[in-house]
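Protein chains in written order, with our numbering: chain A, 1 to 352; chain B, 1 to 352.
Right under this line is the structure:
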């Protein structure tokens with residue numbers, strides 16, 4: 001899933017170049033490239049499907065030249081994760097109705113990739129044998145209020161020591177509730193990574209999102225043909241804009257979670273970017289051509305060819321990218337959405 | 001005099017585009033253009049001479065298309081104001097040995113231009129009749145430590161109520177001394193504007209800077225000929241690097257000051273720029289395409305085509321110009337020189 005516009009990292013991420021195509025941690029590779037390489041060790045190139053907005057299709061193929069254009073599914077409009085997953089599932093069903101399917105965001109950070117692959121392989125094996133939907137839950141190391149949580153059902157017998165039946169999916173909690181969640185030991189972060197058989201998710205779609213299921217079934221004969229795109233462009237805008245979590249996972253009763261601890265972050269905020277980035281001696285995350293004086297705990301990003309000189313800033317985000325300079329205290333990062341709205345209102349799409 | 005490199009306003013002013021060619025107050029015209037227009041009302045175009053570095057000759061002619069290339073005197077290297085004034089004086093002497101001469105920096109701000117011109121005319125008249133050197137002193141309205149001061153001699157009879165004989169020239173005082181200067185009523189800011197007959201400054205040069213006088217006299221036959229430039233390029237690098245104030249004014253005894261109050265600033269610091277610029281309701285000096293939140297008393301400059309969004313900054317200078325972003329507290333503006341040195345050391349001349 002690589003269709004997001006990543007406005008939280010504006011002005012570093014832009015509609016023309018959202019987060020999944022950026023290397024905001026300075027690793028040398030984009031998020032989508034890391035995601036591909038992470039899976040390529042256990043999944044053959046021909047089995048990848050990337051769902052993205054039609055305007056990013058070319059970018060996807062530039063970042064993953066190993067896959068063919070027909071493996072990049074082009075959404076005419078964004079409709080959240082449920083239609084995205086339905087679309088991929090229908091194409092897979094036509095290719096191989098017995099297929100298993102791993103669903104993953106393209107813009108997350110995984111630190112221990114070997115452990116991650118072991119978890120994925122285990123989930124594929126387990127979900128391949130049963131008519132169940134697997135999610136990956138991350139052992140929380142802090143009461144993060146930016147994530148949804150998955151509560152395990154520890155009364156139902158476990159298939160193995162790491163897999164539990166899911167009791168509930170919860171929305172992002174407030175900080176008091178998040179602390180209770182973490183202290184209880186029953187709650188795990190919802191990573192947004194899912195594993196299931198195509199036949200299982202199809203059944204769940206039919207049950208919980210029957211209208212959407214009907215829409216995708218109505219063009220069944222065109223998947224994997226030259227006419228697929230034009231039919232997708234007809235039905236997609238009509239699809240309900242809904243997440244897979246809200247549309248299916250929260251309602252289904254055959255959901256299991258593989259509790260894991262491989263070092264994960266959705267890098268969804270400047271503060272998580274800060275947390276996972278390399279820092280200089282003053283705790284600044286900077287790239288080359290940044291000269292700082294009396295400056296601490298800042299995130300400073302400029303373009304390759306430009307120079308930044310900063311004196312006397314503490315705990316700020318300073319982004320100078322693509323003709324836009326943004327300066328904002330780290331503890332006001334939630335205001336970036338407001339900035340984007342205001343900029344749109346005042347200057348149109350030029351700087352978005 | 002338009003040869004300065006204006007590094008105090010880096011990164012807005014650059015070696016390739018120093019302060020005199022910029023419109024840092026947002027008036028719609030560069031300093032040098034304002035200076036030309038200010039004098040053009042009382043001095044014919046053909047009487048202007050602009051002394052600048054050879055690399056700025058083209059820029060001068062772009063900003064003042066009314067003058068001819070031969071009116072722009074090209075210094076091969078900067079040698080402070082004494083050689084600059086000597087060069088112009090020698091050329092003038094050859095054209096008209098009876099000429100009077102007004103010397104002015106090209107990058108100062110004058111608010112009341114009518115009053116200014118009246119002062120200049122009065123000085124030209126007075127200096128034209130006597131063998132004396134006139135300076136313009138500005139009535140101080142605050143104990144500024146960034147200016148040199150001129151002390152009047154109020155025992156010698158005055159030629160008129162505004163003109164005094166000069167007792168001393170002083171260097172920039174500390175703030176305690178500056179307060180004493182202002183309270184005394186005897187001290188005026190040294191504007192760096194001078195009026196004298198060519199014959200008078202020649203005599204002073206011969207007396208106080210005899211070696212330099214000899215250097216410029218040695219090529220007397222070549223002024224205003226095709227060979228002038230090549231001879232200037234030979235003698236100029238050998239000239240002593242010295243200001244007219246230190247070389248002559250402080251030593252001469254025939255110096256008078258016209259005390260004035262026409263609204264003057266050398267706009268030599270970011271804080272003086274701030275003082276003389278238009279501000280928004282939060283006291284910010286900003287240009288277009290700047291959006292601020294909770295931001296007060298800042299100087300924010302970006303390029304025409306770029307956007308700046310700032311939250312939560314108070315009393316900072318934020319300049320984003322020509323591939324360089326500088327952020328610095330207003331009360332640390334003196335550190336800009338250090339920044340320039342460090343940038344030069346680390347990256348060479350690219351960003352200077």
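No residue lacks a Cβ here, since even glycine has one placed at the ideal position from N, Cα and C.
Along the length of the segment 15 to 87 of chain A, whole alpha helix (DSSP H) runs at least 4 residues long occupy 31 to 40, 57 to 63, reported in chain order.
Inside the segment 168 to 223 of chain B, DSSP marks whole alpha helix (DSSP H) runs of 4 or more residues at positions 175 to 184, 198 to 208, 210 to 217, from first to last along the chain. Residues of chain B with a Cβ closer than 7 angstroms to the Cβ of residue 326 of chain A are, in chain order, 309.
Taking all protein chains in view, the Cβ of residue 70 of chain A is surrounded by fewer than 16 other Cβ atoms within 10 Å, so the residue is classified as exposed.
With fewer than 16 other Cβ atoms inside 10 Å of its own Cβ, residue 214 of chain A counts as exposed. Beta-carbon to beta-carbon, residue 342 of chain B and residue 291 of chain A are separated by about 6 angstroms, close enough to satisfy the 8 angstroms threshold.
In chain order, 291, 293, 309, 311 make up the part of chain A whose C-beta sits under 9 angstroms from the C-beta of residue 339 of chain B. At a cut-off of 9 angstroms, the C-beta of residue 283 of chain A has no neighbouring C-beta in chain B.
Using a Cβ-Cβ cut-off of 9 angstroms, residue 56 of chain A does not count as an interface residue toward chain B, since no Cβ of chain B sits closer than that to its own. No Cβ-Cβ contact shorter than 9 angstroms links residue 24 of chain A with residue 50 of chain A. In the DSSP assignment, residue 274 of chain B falls within the alpha helix (DSSP H) that extends over 270 to 276. Restricting attention to B/199, B/26, B/219, B/165, the CA atom closest to the CA of residue 137 of chain B is found in B/165. Within 7 angstroms of the CB of residue 323 of chain B, the CB atoms of chain A belong to 305, 306, 307, in sequence order along the chain. The Cβ of residue 347 of chain B sits closer than 9 angstroms to at least one Cβ of chain A. In chain order, 319, 321, 324, 326 place their CB closer than 6 angstroms to the CB of residue 11 of chain A, counting only its own chain and leaving out the 5 sequence neighbours on each side.
Residue pairing by DSSP places residue 340 of chain A opposite no residue, since no beta bridge is assigned to it.
Look at residue 289 of chain A here: in three-state DSSP terms it is coil, with no helix or strand label. Rounded to whole angstroms, the gap between the alpha carbons of residue 42 of chain B and residue 293 of chain B is 47 angstroms.
The C-beta distance from residue 194 of chain B to residue 133 of chain B rounds to 7 angstroms, short enough to fall under 8 angstroms.
Apart from sequence neighbours up to five positions away, the residues of its chain that approach residue 267 of chain B with a beta-carbon distance below 6 angstroms are 109, 273, ordered along the chain. Contact between the segment 242 to 250 of chain B and the segment 80 to 87 of chain B is present: 3 or more CB-CB pairs across the two stretches fall below 8 angstroms. When Cβ-Cβ separations below 9 angstroms define contact, residue 316 of chain A makes contact with chain B. Residue-level contact check: residue 335 of chain B touches chain A, since one or more beta carbons of chain A fall below 9 angstroms from its beta carbon.
Note that the segment 248 to 262 of chain A does not touch the segment 101 to 108 of chain A; fewer than 3 beta-carbon pairs, one per stretch, sit closer than 8 angstroms. Counting only Cβ-Cβ distances below 7 angstroms, residue 302 of chain A has contacts in chain B at 325, in chain order. Look at the beta carbons and you see the segment 218 to 227 of chain A not touching the segment 149 to 165 of chain A: under three pairs across the two are nearer than 8 angstroms. For residue 344 of chain A, no CB of chain B lies under 9 angstroms from its own CB, so it is not counted at the interface with that chain.
For residue 320 of chain B, the enclosing beta strand (DSSP E) has its first and last residue at 316 to 321. Residue range 307 to 311 is occupied by the beta strand (DSSP E) that includes residue 311 of chain A, with no alpha helix (DSSP H) assigned at that position. Counting along the chain, the unbroken alpha helix (DSSP H) around residue 230 of chain B starts and ends at 228 to 235.
Boundaries of the alpha helix (DSSP H) around residue 123 of chain B: 113 to 129.
Spatial neighbours of residue 151 of chain B in its own chain (CB-CB distance under 6 angstroms, excluding positions within 5 residues in sequence) are listed in chain order as 167, 168, 186, 187. Taking C-beta separations shorter than 8 angstroms and ignoring five residues to either side along the sequence, the partners of residue 92 of chain B in its chain run 49, 99, 101, 198, following chain order. At the C-beta level, residue 15 of chain A and residue 352 of chain A come within 9 angstroms of one another. By the C-beta density criterion, residue 75 of chain A is buried, having at least 16 other C-beta atoms within 10 angstroms. Annotation for residue 38 of chain B: 110, 113, 116 place their beta carbon closer than 7 angstroms to its own, counting only its chain and skipping 5 residues before and after.
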